[in-house]
Amino acid sequence: MTGRTYLDHAATTPTEERVVAAMLPYLTSAWGNPSSIYAEAQEARRGLDAARRTVAEILGAKPNEIIFTSGGTEADNLALRGVAWAARRLRAAQGVDAPGHIITTAIEHHAVLHECEALAKDGWRVTYLPVDGEGFIDAAALRDALDDDTVLVSVMLANNEVGTVEPIAEIAAAAKARHPRIMVHTDAVQAAGSLALDVDSLGVDLLSIAAHKFYGPKGVGVLYVRGRTPFAAQTVGGSQERNRRAGTENVAGAVGLATALRLAHDERAQRNEHLISMRDRLLDEIPRRVPDTIVTGPTDRSRRLANSASFAFKHLEGEAVLLQLDLQGIAASSGSACTTASLEPSHVLVAMGVPEEYLRGSLRLTLGHENTAEDVERVLEVLPSAVERIRGLSPAAS
Ligand SMILES: Cc1ncc(COP(=O)(O)O)c(C=O)c1O
16 MTGRTYLDHA ATTPTEERVV AAMLPYLTSA WGNPSSIYAE AQEARRGLDA
66 ARRTVAEILG AKPNEIIFTS GGTEADNLAL RGVAWAARRL RAAQGVDAPG
116 HIITTAIEHH AVLHECEALA KDGWRVTYLP VDGEGFIDAA ALRDALDDDT
166 VLVSVMLANN EVGTVEPIAE IAAAAKARHP RIMVHTDAVQ AAGSLALDVD
216 SLGVDLLSIA AHKFYGPKGV GVLYVRGRTP FAAQTVGGSQ ERNRRAGTEN
266 VAGAVGLATA LRLAHDERAQ RNEHLISMRD RLLDEIPRRV PDTIVTGPTD
316 RSRRLANSAS FAFKHLEGEA VLLQLDLQGI AASSGSACTT ASLEPSHVLV
366 AMGVPEEYLR GSLRLTLGHE NTAEDVERVL EVLPSAVERI RGLSPAAS
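So for the sequence shown, our numbering puts the first residue at 16; every next one is plus one.
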């Protein structure tokens, strides 16, 4: 849309033209079913195989460790269920009745949290690790929570609301030190655009990403599953994805995801430099220009996502700020897109212990590499008067 400033890249990103161009042949000419035998199908198969190889190479994985999914939610659900059910069956075969213990954090995306709730209803024990005031997990807390029944640890690589980058390598090492059979999953959906995702450096057994967070198409994601991870398929039917996720593959989507991931990987250094300069200007200036504002998330900016600036305004409804910004042509968010319809304060800010009077006043500005310094100046110009206007109207303002 012309004349608009889009600052909600954590919700989704535009699909890059180079990505669309790479996908197009798989929608127009090479549209065959990759499982079939004839020429049209083989072209689709080659596209799918090449996409899988690209993703594997960038993750430092093997092609047969890549499962294409319908997005981040499915990848997260599948990671947890796939490991939990496989472990349950192994344990049952050894005569252990209890399904097992899962450790996650209080600040995960609902794709993980709601899956954990579902597993808890089916008998799994779930521990939610607390975070500190900046959203960091403490590896020592993880060590205390691990026990003989722990089968899975799932901790996000970067938080979608406040941009905190978790010390995953340290967390994975702590879990493996307790027992190598404890599987470690990371939700890297927000991290994929700006952080390196080498699965060996991260030390993880499973990792989720979604193409639409890094300029790829919507409706396609990847779950990486390290070879030999005990894993139970959750969608059954055909033998696609090596029997781990049945159903005719989204070939064009997989090609789009791989192309977008390749671009994000190859252009990361220059994109991040630009993102960080814009982010830092927002982080520096907004608390200076808007009274009674706190920055949420890490104070050490090297531990925050390159594109993420998040704030909370005292005695204010974040939604009111978003409406004012929208009227002025700026698209932003109060946090996770999935909770904007709910009136509950963000579970992430609550877990971080953000003071009550700031809890409902959150604003998340997430940049993209197509944003410009002018976009940032526009927000800095519009936001202070927008907040002032709302505070002038609000009886709670002080
Ligand atoms: C951290 C995180 N995990 C998972 C998801 C879900 O991804 P998708 O919308 O592709 O299902 C999101 C989406 O916002 C996210 O931010």
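We treat Cβ as the ideally placed atom computed from N, Cα and C, and that holds for glycine.
In this text, all values refer to a predicted model and were calculated from it rather than measured experimentally.
Just confirm the distance between the C-beta atoms of residue i and residue j, as a whole number of angstroms; I'd bet it's less than 8 Å.
i, j, result
"Ile224", "Val166", "Contact doesn't hold; Cβ gap of about 23 Å is too wide."
"Ile82", "Arg260", "5 Å"
"Thr84", "Leu238", "5 Å"
"Glu176", "Phe151", "Incorrect: roughly 14 Å between the Cβ atoms, too far for contact."
"Pro313", "Thr179", "5 Å"
"Ala121", "His362", "7 Å"
"Leu297", "Val369", "Rounded, the Cβ-Cβ distance is 18 Å, inconsistent with contact."
"Leu378", "Phe328", "7 Å"
"Arg406", "Leu331", "7 Å"
"Leu161", "Arg193", "4 Å"
Rounded to whole angstroms, what is the Cα-Cα separation between residue i and residue j?
i, j, result
"Ser348", "Thr381", "8 Å"
"Thr201", "Leu212", "10 Å"
"Met367", "Thr263", "42 Å"
"Thr274", "Glu372", "44 Å"
"Asn79", "Val219", "16 Å"
"Val240", "Gln205", "18 Å"
"Gly86", "Gly271", "13 Å"
"Leu22", "Ser317", "21 Å"
"Val310", "Phe326", "4 Å"
"Arg106", "Glu396", "60 Å"
"Thr69", "Gly75", "10 Å"
"Gly62", "Val35", "14 Å"
"Gly236", "Asp281", "19 Å"
"Leu268", "Ala248", "Note on residue identity: the sequence assigns Gly, not Leu, to residue 268. About 21 Å."
"Gly18", "Gly344", "7 Å"
"Ile186", "Val214", "13 Å"
"Ala173", "Leu374", "21 Å"
"Ser50", "Arg60", "7 Å"
"Leu340", "Ala207", "27 Å"
"Ala66", "Asp307", "48 Å"
"Cys353", "His129", "For Cys353, the pLDDT reaches just 48, beneath the cut-off of 50, and the residue's location in the model is therefore unreliable, leaving the point undetermined."
"Asp164", "Lys191", "14 Å"
"Gly252", "Leu93", "16 Å"
"Val394", "Arg33", "29 Å"
"Thr142", "Gly110", "23 Å"
"Arg304", "Leu398", "9 Å"
"Asp295", "Gly47", "47 Å"
"Asp315", "Ala321", "12 Å"
"His384", "Ala203", "19 Å"
For residue i, does the three-state DSSP call read helix, strand or coil?
i, result
"Ser223", "strand"
"Arg437", "Residue coverage of the chain in this structure runs from 16 to 413, which leaves residue 437 outside it and unanswerable."
"Ile301", "helix"
"Ala352", "For Ala352, the predicted model reports a pLDDT of 49, less than 50, meaning its position is unreliable; a value from the coordinates is still stated below. Three-state DSSP puts Ala352 in a helix."
"Val127", "helix"
"Tyr41", "helix"
"Thr20", "strand"
"Ile122", "coil"
"Thr30", "coil"
"Thr179", "strand"
"Arg259", "coil"
"Asn92", "helix"
Per DSSP, what are the beta-bridge partners of residue i in this structure?
i, result
"Ser323", "Thr381"
"His200", "Ser169, Leu221"
"Val369", "In DSSP, Val369 forms no bridge with anything."
"His116", "Arg140, Thr165"
"Phe328", "Thr308"
"Tyr53", "Answer is none; Tyr53 lacks a bridge partner."
"Leu395", "Beta-bridge pairing links Leu395 to no other residue."
"Tyr239", "Ile81, Leu222"
"Val402", "Looking at the DSSP assignment, Val402 forms no beta bridge with any residue, so it has no partner."
"Ala346", "Tyr21"
"Val146", "Ile152"
Heavy atom of ligand 2 less than 7 Å from the Cβ of residue i, yes or no?
i, result
"His330", "By its list of ligands, the structure shown excludes ligand 2, since it contains just ligand 1."
Within the chosen definition, does the segment 231-240 reach the segment 27-42 through at least 3 CB pairs nearer than 8 Å? Result yes; three or more Cβ-Cβ pairs closer than 8 Å.
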